[in-house]
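This report refers to the structure that appears directly beneath it.
There are 2 protein chains.
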Amino acid sequence: MMQQQKAKLTFLGTGTSSGIPMIACDCEVCRSADPRDKRLRAAALVEYGGLTVAIDAGPDFRAQMLRAGVHHLDAILLTHNHKDHTAGLDDIRAFNLAERHPVNIYCEAYVEDTLRREYGYAFAEQKYPGAPEWHVHRIDGTRPFTVHSNANEEVLSWERGFGYHHLPPQSDADATIEVVPIQGWHHREKKLSVLGYRFGNIAYLTDIKMLDSEAEFDKLKGVEYVTLGCVKIGDHHSHPSLQETLDFFARVGAKESYITHLSHQLPCHEEFAAMLPEHVHPAFDGLVIG
Amino acid sequence: MMQQQKAKLTFLGTGTSSGIPMIACDCEVCRSADPRDKRLRAAALVEYGGLTVAIDAGPDFRAQMLRAGVHHLDAILLTHNHKDHTAGLDDIRAFNLAERHPVNIYCEAYVEDTLRREYGYAFAEQKYPGAPEWHVHRIDGTRPFTVHSNANEEVLSWERGFGYHHLPPQSDADATIEVVPIQGWHHREKKLSVLGYRFGNIAYLTDIKMLDSEAEFDKLKGVEYVTLGCVKIGDHHSHPSLQETLDFFARVGAKESYITHLSHQLPCHEEFAAMLPEHVHPAFDGLVIG
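First to last, the protein sequences are chains A and B. Throughout the first sequence, residue numbering follows the numbering used here, covering 82 to 371 in sequence. Throughout the second sequence, residue numbering follows the numbering used here, covering 82 to 371 in sequence.
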């Protein structure tokens, strides 16, 4: 059996759907000069087993790829179908041009349904030249899945005035990683399925009010780093309260735990960090763990 | 007859769909240190007759509103239905919260059809709490239309755990402006309708390969400032070449003409500016005209 590889995770964004600062808001958090209080929409970059994978692609996707200097991307894993996690997918066109491959997208079936509705032009038989080129792979949330490098994806060849031709793969190199989906729900009433993802020693979860069942905790056994989204201290209909977040972290028992998807309803970063137990931290944009 | 009012236009973004720099690109333009070569996706803010109006709301909408310090927005006018002009509409939620009004959106019928498909959750009968609140007004591109201030829009009242209640307008103040749509096409084959907009002395056009007919030029008579989108010097299937752009400007005869929607296929800002005839300029993010 292969030894467990170490993953590295960069927080590309740590803000809730409106980001921090929120447009037209003059609250203390939105006016903070601390760069850690400037939060793009929640997303992460994971480097693992030789592959580079983004989790979610919200409206800040371009800004996040530029800021992190990402020149190569094997795949995007989507947690769920909300706009703050999917609105930037049109910008994968740059990777199509730079890498001459479609981008692999991994998500649940209902998320693909949303993409087909919201990005109809990228799924059309007759696409207009330069429309996004991606391959959607449906995840069964109950079992681990394999993410492939894009090296052995089909090759895109641009023809002026026509668009892309799809050529057969030109490499046999099929680097892969195994990812463990963690099944959760955005609301207590199990209204919207959300997946967390475990890459070896790191598990990234956000927008999860509750796990699907006790069995999901087994999938988190032995992680060194874990994240969970939390937007406010008190009760919230679709995100865990701070207490629920801390209970989750205590139960998982990782070496270090990180709160992401923060809103301006939480205190400024420094004040919030001081409120938290040892080994629990607010994440911030650009933070690297693992 | 009312004297023609002066408009003021701020370029919120002047880049083509991928922006400049483009992700994963190391070309000279994308590596330029000149801040004028950093281009968010094309959009504009117009202040006219006491109203504040955004033209288009691409993926950079939040970044653009924050950078321009916009705390009040009466309406968004959409030129057409492409993602680089619509992907940021979810972020109008901040204005709903700050101003307690729905945001007025003006667009052609086919653009509304796209919004209903791509933002289904914002048009749903049973919306989830905090989903965008907007009123879509369909534009007939053949005649001027009136944009209303949001002061006399219905009032949004937030109830925790429920979402917004819609209350009757609390003001009779109905400030309005008249906007003249300019009918154009994204392709020579008249494949996709795109509207330009004239506000008194300023006309903003982008993504228009050709006007619908000679009659559209009459609507531009007497403008002092005019813009047109151009992505490259040579021929392009859906944007004017530089020569077509310059011919358009010469025919309109405005005092000053501005190129927007630029791509990295054009030279760096300074070099490009030096190539252009007198009174024709590349726009840049943050430039104010009028």
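Ideal Cβ positions, reconstructed from N, Cα and C, are used throughout, including at glycine. In this text the structure is predicted, and so the values were computed from the model without any measurement.
Can you confirm whether residue i, when its beta carbon is compared against all beta carbons of chain A, has any partner nearer than 9 Å?
i                  : result
proline 102/B      : yes
tyrosine 339/B     : no
alanine 125/B      : no
aspartate 172/B    : yes
glutamate 199/B    : yes
proline 42/B       : Since the displayed chain B opens at 82 and closes at 371, residue 42/B lies outside it and no answer follows.
leucine 373/B      : For chain B, the structure presents residues 82 to 371; residue 373/B sits outside this window and is missing.
phenylalanine 92/B : no
serine 99/B        : yes
cysteine 106/B     : yes
lysine 164/B       : yes
arginine 143/B     : yes
alanine 168/B      : yes
alanine 232/B      : no
glycine 242/B      : yes
Distance cutoff 9 Å, beta carbons only. Does residue i sit that close to anything in chain B?
i                   : result
phenylalanine 226/A : no
phenylalanine 365/A : no
methionine 82/A     : Its pLDDT being 38, under 50, methionine 82/A is placed unreliably by the model, and the measurement read from it follows with that caveat. It does not; no Cβ of chain B falls within 9 Å.
glutamate 295/A     : no
tyrosine 209/A      : yes
valine 151/A        : yes
proline 140/A       : yes
alanine 190/A       : no
glycine 265/A       : no
leucine 178/A       : yes
histidine 247/A     : no
serine 344/A        : no
histidine 318/A     : yes
Applying the criterion that 16 or more other CB atoms from any shown protein chain within 10 Å of the CB defines a buried residue, is residue i buried or exposed?
i                : result
glycine 377/B    : Look at the range of chain B in this structure, 82 to 371, and you will see that residue 377/B is not part of it.
lysine 290/B     : buried
arginine 112/A   : exposed
cysteine 108/A   : exposed
methionine 103/A : buried
arginine 279/B   : buried
methionine 146/A : buried
serine 252/B     : exposed
lysine 164/B     : buried
glycine 303/B    : exposed
leucine 301/B    : buried
proline 225/A    : exposed
Are the CB atoms of residue j and residue i within a distance shorter than 9 Å?
i                   : j               : result
leucine 154/A       : tyrosine 200/A  : no
threonine 308/B     : threonine 160/B : no
glycine 131/A       : serine 230/A    : yes
alanine 168/A       : alanine 138/A   : yes
glycine 310/B       : threonine 97/B  : yes
isoleucine 370/B    : lysine 89/B     : yes
glutamine 264/B     : aspartate 293/B : yes
tyrosine 306/A      : alanine 335/A   : yes
valine 228/A        : tyrosine 285/A  : no
phenylalanine 235/A : proline 249/A   : One detail in the question is off: residue 235/A reads as glutamate in this sequence, not phenylalanine. Yes. Within cutoff.
histidine 318/B     : histidine 268/B : yes
histidine 117/A     : proline 358/A   : Reading off the sequence shown, one finds arginine at residue 117/A, where the question assumed histidine. Contact flag unset, no.
Could you give the C-beta distance for residue i and residue j, rounded to a whole number, given that I count them as a contact under 8 Å?
i                : j                   : result
lysine 87/A      : glycine 277/A       : 19 Å between Cβ atoms; not a contact.
proline 213/A    : phenylalanine 243/A : Actually they do not touch by this definition, with Cβ atoms about 17 Å apart.
leucine 126/A    : threonine 95/A      : Between threonine 95/A and leucine 126/A the Cβ distance is about 13 Å, and since that is not below 8 Å, they are no contact.
threonine 341/A  : alanine 135/A       : Wrong, their Cβ atoms sit about 14 Å apart, outside the cutoff.
isoleucine 101/A : histidine 345/A     : 5 Å
Going by DSSP, what residues sit across from residue i in a beta bridge?
i               : result
valine 110/A    : In DSSP, valine 110/A forms no bridge with anything.
cysteine 311/B  : DSSP output for cysteine 311/B lists no bridge partner at all.
glycine 201/A   : Answer is none; glycine 201/A lacks a bridge partner.
serine 238/B    : His246/B
leucine 276/B   : Gln264/B
lysine 89/A     : Glu128/A
serine 338/A    : Val307/A and Val361/A
histidine 229/A : Thr257/A
tyrosine 187/B  : Leu158/B and His218/B
alanine 100/B   : Checking the displayed sequence, the identity of residue 100/B turns out to be glycine instead of alanine. Glycine 100/B is not bridged to any residue.
leucine 292/B   : Gly265/B
Answer yes or no: does any C-beta atom of chain C fall closer than 9 Å to that of residue i?
i             : result
alanine 156/A : Judged by its chain identifiers, the structure shown contains no chain C, and its protein chains are A and B.
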